[in-house]
Structure formats: C-alpha cells, structure tokens
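Visitor: Pasting a structure here, questions to come.
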Amino acid sequence: MSPLEKEKERREAVERELSDLQARFDAFTAISQDWFFETDAQYRFTRFFGETPTYVKATHDQVLGKTRWQAAAPESIRKNPAMWARHIADLFSRLPIRHFEYCLAGAGDKDYWCEVSAKPRFDEEGRFLGYMGASRETTQQKTQRDALMDAVTIAEEANRAKTEFLSRMSHELRTPLNGVIGFADLLCGGYAGNLTHRQMKYLGLIRKAGFHLLGLIDEILDLSTIEGGRMRFEASDINLGLLIDDCVAMTSTLHQAQMMDIALKAKTPDRQVMIQNDMRRLQQILLNLLSNAIKYNRRDGSVTVTLHRPDPTKTVRIDIADSGRGIAAKDLNRIFEPFDRLGVDREGVDGTGIGLTINKRLVERMGGKISVASELGEGTTFSIELPMVLRSPDLTEIG
4 MSPLEKEKER
14 REAVERELSD
24 LQARFDAFTA
34 ISQDWFFETD
44 AQYRFTRFFG
54 ETPTYVKATH
64 DQVLGKTRWQ
74 AAAPESIRKN
84 PAMWARHIAD
94 LFSRLPIRHF
104 EYCLAGAGDK
114 DYWCEVSAKP
124 RFDEEGRFLG
134 YMGASRETTQ
144 QKTQRDALMD
154 AVTIAEEANR
164 AKTEFLSRMS
174 HELRTPLNGV
184 IGFADLLCGG
194 YAGNLTHRQM
204 KYLGLIRKAG
214 FHLLGLIDEI
224 LDLSTIEGGR
234 MRFEASDINL
244 GLLIDDCVAM
254 TSTLHQAQMM
264 DIALKAKTPD
274 RQVMIQNDMR
284 RLQQILLNLL
294 SNAIKYNRRD
304 GSVTVTLHRP
314 DPTKTVRIDI
324 ADSGRGIAAK
334 DLNRIFEPFD
344 RLGVDREGVD
354 GTGIGLTINK
364 RLVERMGGKI
374 SVASELGEGT
384 TFSIELPMVL
394 RSPDLTEIG
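According to the numbering used here, the residues represented by the sequence shown are 4 to 402, in order.
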C-alpha cells in the first residue's frame, strides 16, 4: 500500500470515529432534558444542541447572535437588577456559571424559566473563546415554588393576625374577669353580710372557674407572645441542681401531690452543673411538667427528675419521669398540639391543653428541644435538652 493510500485510509478511519462520536453525542442530547449551547467571546449565542420544546426552538432561532441579557425577558431584568449585575460580572471575569436561573422571552407572548450552567473556553494560547454549557427548563418548578411561597406568606400573615387577635383579646378579657373574681372574694369575706352554706359553695365554684379561665387567658397570652416573636429572654448563671431541688420542693407541697401520696425525688449527682439561661422561664417549664406528672399519675405513684450531661461541654438533659397512666403510641404525635388533651378533659382532670405547647415553644426558643417517651400503664418521661449557653434570637441581656 502506497503512502498516499495509507494516509487516505487513516483519514477515513478518523472521519468514521468522528462520525461515531457525533452520533453518540446526538443520541445523548436527544434523550437529555437539557439543551446545550455555545457562545462567542462577546457572549453571543452561536449554536444550540439537543431536543427542546417547540416554542423553545423558536426562541433559540430568535436569540442566536444575542447575549443572554439581550434574550432575557425585560421584566425579569427590571425586577432582579442585582442578580443580573452579579451574573454579568461573573461572565466578564470568565468564571464558571452554576445554576443561574432566569426568565427568557419566549416565542409570541410566552415566557419560560430556565437554569443555566456553563464553563468558559480558551484556546491553546489562553485566549477567551466564549462559553459552552447546558440549560434546562424550570418553568413548572418555578411556578410551583412561587405558589408555595405565596401560600407560606398567606399562612404567616394569617398567623400574625391570629396572634395579634389573641393578644388583644387576652388583655381585654383579663379586666372584667379580675372584677368577677374580686367581687366573689368580697362576698366570701362577708362584704354583703353572712352567706348561707349553699351561697358560699356557689361563690367557691365562681372563684374556681374564674381562676381557671384566668390561667387559660395567661397561657394564651404567653403562647401568642412566643409565636409573635415578642417573648424576651434574660440569661443568668443557673445552678441546675439547686433549681431542680427548688422545683421539686415547691411541687411536693401541692394539694394534689399530698392527697395522692405522690413521692417526688431529684437525682442530681453533679451538684455544680452551671448553665446560662433564663431562670424564670426554665422554672416555669419544670413546674408545669412536674405539675402534669402529678396530675396524670396514680395514687402512691412517683415522679423522678434526673439531671444528665450527655455532652458536658455543650448540652444538658433533664428527664421528668412519672409512674402514671402513660400515653398511647398513636397519641404521642398530638401531645404538643394546643388544646388537645387526648380526651382527659372528659375525666374531670383540670387543665387547659396549652401548657405543653408553651413548653415546647419556650425550649425551642432557648435553642433546645423537648421530647416525650411513654407506654400505656407504665408512665411517661419528658426530656428537655438545653445548650450550656442560651441561644435565643430574643436574648436581651446576659448575666
């Protein structure tokens, strides 16, 4: 074979290989959801590859020879000038482009959104040749995201309106309710003369109902304050062992604890566990959980508060365990829902159904978490895990 024939054969082999590579590239682009493009050194589109929707193809014909910002929907640029300024600055700096999303003016009156990723091309001498990259239509995803954001905005506005309403109503209800309780106290104290046993009994029921309603209003006000972002926290150094002892001592004097012979004890092996947190709020949480542990316990039952240090440098955990009735597994996901008392209100057990919701919100605002474990007939354990230092966005003062 002559040298000329060998050269011809070599060229034909190279052409067949190039043709095969082109066919494979075309096959990949045909099944891809992306389309591909090239630009020149002036950032103008010079070529498109791949299968795209019909109206996108028509648009491609219209944008050949234009830059991306010339092809974009004018309204998109007007609404996002900072985004476009950053994108153009990246292009002029020859930086790779990752997931840039913009609105492209489509054929006719139709616009569509697409996401672009691209890398710059240079020749052997380092001269900039343009960009090559891939685009994907994201119109449907963009529409869904916008609808979701609109729904979230509406929900947040409704929640703010609800919180403001609850706050205002709570304040408005307190004044007449305090008047009712005050006059009942006056009557009980003989202000209107001696009362019969039946009258005293009825006044006692009025006072009890009034204080119950007052407690409910205070808890609703607390909840609306937390959800409205108006709850303020003041951090101070707290000896957790002493705080737990104090809370257990206060709870053990409750009438219900003594009537039911509930044994309360604290397990705080490390007496020098110091954290920075809001003393008043943490005490409020512990007293509420201890009160619940007594309220839903059995006669001659027990309540144990245990202090753990799972990570001595970062977190502490407090467990409040009771020997009460327990909670069914199917109901555990409802335990922190406001006003959901899991049916115990039908049994005559006092409560508002808001305390645990407030506890959860407070603990989370402190940067911690609260959880519950329970088994029917075996009791319930609430666990509070807190950081060593208060991490609340509402922190106003430390120490």
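We treat Cβ as the ideally placed atom computed from N, Cα and C, and that holds for glycine. Keep in mind that this is a model prediction, so the values were computed, not measured.
Using a threshold of 8 Å, state whether the C-beta atoms of T318 and M391 are closer than that.
Guide: Within the sequence shown, residue 318 is the residue found at index 315, counting from 1. Within the sequence shown, residue 391 is the residue found at index 388, counting from 1. Yes.
Visitor: Using 10 angstroms around the beta-carbon of M262, count the other beta-carbons present and answer buried if the total reaches 16, otherwise exposed.
Guide: Mapped onto the sequence shown, residue 262 falls at position 259. So M262 counts as exposed.
Visitor: Measure how close the beta-carbons of S377 and T383 come, nearest whole angstrom, since I'm counting them as under 8 Å.
Guide: Translated into positions along the sequence shown, residue 377 becomes position 374. Translated into positions along the sequence shown, residue 383 becomes position 380. Going by Cβ atoms, the distance from S377 to T383 rounds to 4 Å, so yes, they are a contact pair.
Visitor: Roughly how many angstroms separate the alpha carbons of R50 and F125, rounded to a whole number?
Guide: Taking the first residue of the sequence shown as 1, we reach residue 50 at position 47. Taking the first residue of the sequence shown as 1, we reach residue 125 at position 122. Their Cα atoms are separated by approximately 17 Å.
Visitor: Mind the definition here: the segment 156–175 touches the segment 128–147 only if three or more C-beta pairs lie below 8 Å; say whether that holds.
Guide: Contact fails: fewer than three Cβ-Cβ distances are below 8 Å.
Visitor: Please return the same chain residues whose Cβ sits closer than 7 Å to the Cβ of W453, not counting the five positions on each side in sequence.
Guide: Residue 453 is absent from the structure shown; the chain starts at 4 and stops at 402.
Visitor: Per DSSP, what are the beta-bridge partners of E140 in this structure?
Guide: Counting from 1 along the sequence shown, the entry for residue 140 is found at position 137. C117.
Visitor: With a threshold of 16 other CB atoms inside 10 Å of the CB of Y134, please say whether the residue is buried or exposed.
Guide: Residue 134 sits at position 131 when you count from the first residue of the sequence shown. Looking at its Cβ environment, which holds 16 or more other Cβ atoms inside 10 Å, Y134 is buried.
Visitor: Rounded to a whole number of angstroms, what is the C-alpha to C-alpha distance between S96 and A137?
Guide: Taking the first residue of the sequence shown as position 1, residue 96 is located at position 93. Taking the first residue of the sequence shown as position 1, residue 137 is located at position 134. Taking the straight line joining both Cα atoms gives about 19 Å.
Visitor: Got a sec, what are the start and stop residues for the beta strand (DSSP E) D322 sits in?
Guide: Translated into positions along the sequence shown, residue 322 becomes position 319. It spans 318–325 - the beta strand (DSSP E) in which D322 sits, taken as one unbroken run.
Visitor: Identify, in the order they occur along the chain, each residue of the same chain with its Cβ nearer than 8 Å to the Cβ of A187, setting aside the five sequence neighbours on each side.
Guide: Your numbering for residue 187 matches position 184 in the sequence shown. Counting only Cβ-Cβ distances below 8 Å, and skipping sequence neighbours, we find L206, I209, R210, G213.
Visitor: Quick check: what's the CA-CA separation for H200 versus I184?
Guide: As a first step, residue 200 must be located in the sequence shown, where it is residue number 197. As a first step, residue 184 must be located in the sequence shown, where it is residue number 181. Straight-line Cα distance between these residues: approximately 19 Å.
Visitor: Could you tell me the alpha carbon to alpha carbon distance between R284 and N181, rounded to whole angstroms?
Guide: Within the sequence shown, the letter at position 281 stands for residue 284. Within the sequence shown, the letter at position 178 stands for residue 181. Each residue's Cα considered, the two are about 24 Å apart.
Visitor: Can you give me the C-alpha to C-alpha distance between G218 and L289, rounded to a whole angstrom?
Guide: Translated into the one-based positions of the sequence shown, residue 218 becomes position 215. Translated into the one-based positions of the sequence shown, residue 289 becomes position 286. Rounded to the nearest angstrom, the two C-alpha atoms are 17 Å apart.
Visitor: Between the beta-carbon of T2 and the beta-carbon of Y105, is there less than 8 Å?
Guide: For residue 2 there is no data in the structure shown, the boundaries of the chain being 4 and 402.
Visitor: Would DSSP call T256 helix, strand or coil?
Guide: Translated into the one-based positions of the sequence shown, residue 256 becomes position 253. Looking at T256 - three-state DSSP - the assignment turns out to be coil, as it is neither helix nor strand.
Visitor: With distances taken between CB atoms, is the gap from G329 to E381 smaller than 8 Å?
Guide: On the sequence shown, position 326 is the one that residue 329 refers to. On the sequence shown, position 378 is the one that residue 381 refers to. Closer than 8 Å, so yes.
Visitor: I need the straight-line Cα distance from A269 to L151, nearest angstrom please.
Guide: Taking the sequence shown and counting its residues from 1, the one referred to as residue 269 is at position 266. Taking the sequence shown and counting its residues from 1, the one referred to as residue 151 is at position 148. Those two C-alpha atoms are separated by around 48 Å.
Visitor: Tell me which same chain residues have a C-beta within less than 6 Å of the C-beta of S255, skipping the five on either side of it?
Guide: Within the sequence shown, numbered from 1, the residue matching residue 255 stands at position 252. Around S255: L267.
Visitor: Just checking, does the segment 296–303 make contact with the segment 271–286 on the three C-beta pairs under 8 Å criterion?
Guide: Contact fails: fewer than three Cβ-Cβ distances are below 8 Å.
Visitor: Of the residues A85, F131, K372, R19, which one's Cα is nearest the Cα of D43?
Guide: Counting from 1 along the sequence shown, the entry for residue 43 is found at position 40. The option with the nearest alpha carbon to D43 is F131.
Visitor: Looking at the structure shown, is N295 part of a helix, part of a strand, or coil, going by DSSP?
Guide: As a working mapping, residue 295 is identified with position 292 in the sequence shown. Correct three-state label for N295: helix.
Visitor: So, helix, strand or coil for K211, using DSSP?
Guide: Here residue 211 refers to the residue found at position 208 of the sequence shown. In this structure, K211 counts as helix in the three-state DSSP scheme.
Visitor: How far does the alpha helix (DSSP H) with L365 in it extend, from its first residue to its last?
Guide: Position 362 of the sequence shown, counted from the start, is the residue given in the question as residue 365. 358–368 is the span of the alpha helix (DSSP H), which, as asked, contains L365.
Visitor: Helix, strand or coil, according to DSSP, for R301 in the structure here?
Guide: To locate residue 301, count along the sequence shown from 1; it is residue 298. In the structure shown, R301 sits in coil (DSSP, three-state: anything other than H, G, I, E or B).
Visitor: What's the gap between the Cα of A405 and the Cα of N291?
Guide: Since the first residue shown for the chain is 4 and the last is 402, residue 405 is missing from the structure and cannot be characterised.
Visitor: CB-CB under 7 Å to N362, same chain, minus the five flanking residues each way: which ones, in chain order?
Guide: Along the sequence shown, one-based indexing puts residue 362 at 359. So the qualifying residues of the chain are I288, N291, L292, I373.
Visitor: Hey, D322 and H311 are a contact pair by Cβ (cut 8 Å); roughly how many whole angstroms apart?
Guide: If you number the sequence shown from 1, residue 322 lands on position 319. If you number the sequence shown from 1, residue 311 lands on position 308. Their Cβ separation, rounded to whole angstroms, is 7 Å, which keeps D322 and H311 in contact under 8 Å.
Visitor: Where does N295 land, buried or exposed, given buried means 16+ other C-beta within 10 angstroms?
Guide: On the sequence shown, position 292 is the one that residue 295 refers to. When all chains shown are included, N295 counts as buried.
Visitor: What separation, rounded to the nearest whole angstrom, lies between the Cα atoms of F342 and G356?
Guide: For the purposes of this step, residue 342 is identified with residue 339 of the sequence shown, where counting begins at 1. For the purposes of this step, residue 356 is identified with residue 353 of the sequence shown, where counting begins at 1. Computed Cα separation, rounded: 4 Å.
Visitor: Let's see if you can read the secondary structure: which residues bound the alpha helix (DSSP H) around D93?
Guide: Counting from one through the sequence shown, the residue named residue 93 turns up at place 90. Segment 84–95, the alpha helix (DSSP H) holding D93.
Visitor: For D406, count neighbouring Cβ atoms within 10 angstroms of its own Cβ and tell me buried if that reaches 16, exposed if not.
Guide: Not covered by the structure: residue 406. The range shown for the chain is 4 to 402.
Visitor: With a 10 Å radius around its C-beta and 16 neighbouring C-beta atoms as the bar for buried, classify T360 as buried or exposed.
Guide: Here the question's residue 360 lines up with position 357 in the sequence shown. Buried, because 16 or more other Cβ atoms sit within 10 Å of the Cβ of T360.
Visitor: Taking 8 Å as the threshold (C-beta atoms), are A85 and L107 in contact?
Guide: For the purposes of this step, residue 107 is taken as the residue at position 104 of the sequence shown. For the purposes of this step, residue 85 is taken as the residue at position 82 of the sequence shown. Against a cut-off of 8 Å, the Cβ pair of A85 and L107 comes out as no contact.
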